[in-house]
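Asks:
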Amino acid sequence: MTNDMFEKVREFRTKLNLPVSHKPQLLDPVDISFYARFLMEELSELLKAHEKDNLVDAADAIADLAYVTMGCAHHMGIPLPEILQVVHHANMQKVPGATNRGNKQDAQKPEGWVGPEDMIALILFEKNKK
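Under my numbering, think of the first position of the sequence shown as 1498, with each following residue one higher.
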């Protein structure tokens, strides 16, 4: 996801008068439930596309998952491109190996691995004090 795409989703939300927050916040139960249901709907479409052996529908579902996720981030005031950079950096410290997810190959946290939470908190709270 590029910063450009994130801004395009903001443009879409602004055009439709959908909420865009400029301050990080949690959503009320009704709003977060809406996003959870919307994401589950798109995830279900992804599974159905695979059942139908339909690559076009699968790609559409993946794009919709990203679009809805970015919309939720805008509603919550979460600077998603910055957060993704921090998560990517933490993930790049992981090593190949089996996990409890049931895959033969996955990403393991090595000894001394540091999660992204402290940096995420910095982005959400410290930068927004300005």
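Note that CB positions come from ideal geometry on N, CA and C, so glycine has one too.
1) Kindly confirm or deny that the region 1528-1538 and the region 1548-1568 touch, where touching means at least three C-beta pairs closer than 8 Å.
2) Whole angstroms are fine: how far does the CA of residue 1609 sit from the CA of residue 1511?
3) Please name the residue or residues paired with residue 1594 in a DSSP beta bridge.
4) Quick one: using the 10 Å Cβ neighbour count with 16 as the cut-off for buried, is residue 1570 buried or exposed?
5) To the nearest angstrom, how far is it from the Cα of residue 1593 to the Cα of residue 1605?
6) Between 1614, 1621, 1600 and 1578, which has its C-alpha nearest residue 1506's C-alpha?
7) Which value, in whole angstroms, describes the spacing of the CA atoms of residue 1576 and residue 1603?
8) According to the neighbour-count rule (16 or more other Cβ atoms, all chains shown, within 10 Å of its Cβ), is residue 1558 buried or exposed?
9) DSSP on residue 1567, reduced to helix/strand/coil?
Replies: Checking against the coordinates, here is how it stands:
1) yes
2) Counting from 1 along the sequence shown, the entry for residue 1511 is found at position 14. Counting from 1 along the sequence shown, the entry for residue 1609 is found at position 112. Residue 1511 and residue 1609: Cα-Cα distance of roughly 43 Å.
3) Counting from 1 along the sequence shown, the entry for residue 1594 is found at position 97. According to DSSP, which records beta bridges pairwise, residue 1594 is partnered with 1603.
4) What you label residue 1570 is simply residue 73 of the sequence shown in a count that begins at 1. Buried: at least 16 other Cβ atoms inside 10 Å.
5) Numbered from 1 along the sequence shown, position 96 holds the residue referred to as residue 1593. Numbered from 1 along the sequence shown, position 108 holds the residue referred to as residue 1605. Roughly 6 Å between the two C-alpha positions.
6) Taking the first residue of the sequence shown as position 1, residue 1506 is located at position 9. It is 1578.
7) Mapped onto the sequence shown, residue 1576 falls at position 79. Mapped onto the sequence shown, residue 1603 falls at position 106. Rounded to the nearest angstrom, the two C-alpha atoms are 28 Å apart.
8) One-based indexing of the sequence shown puts residue 1558 at position 61. Looking at its Cβ environment, which holds 16 or more other Cβ atoms inside 10 Å, residue 1558 is buried.
9) Translated into positions along the sequence shown, residue 1567 becomes position 70. Helix, per DSSP.
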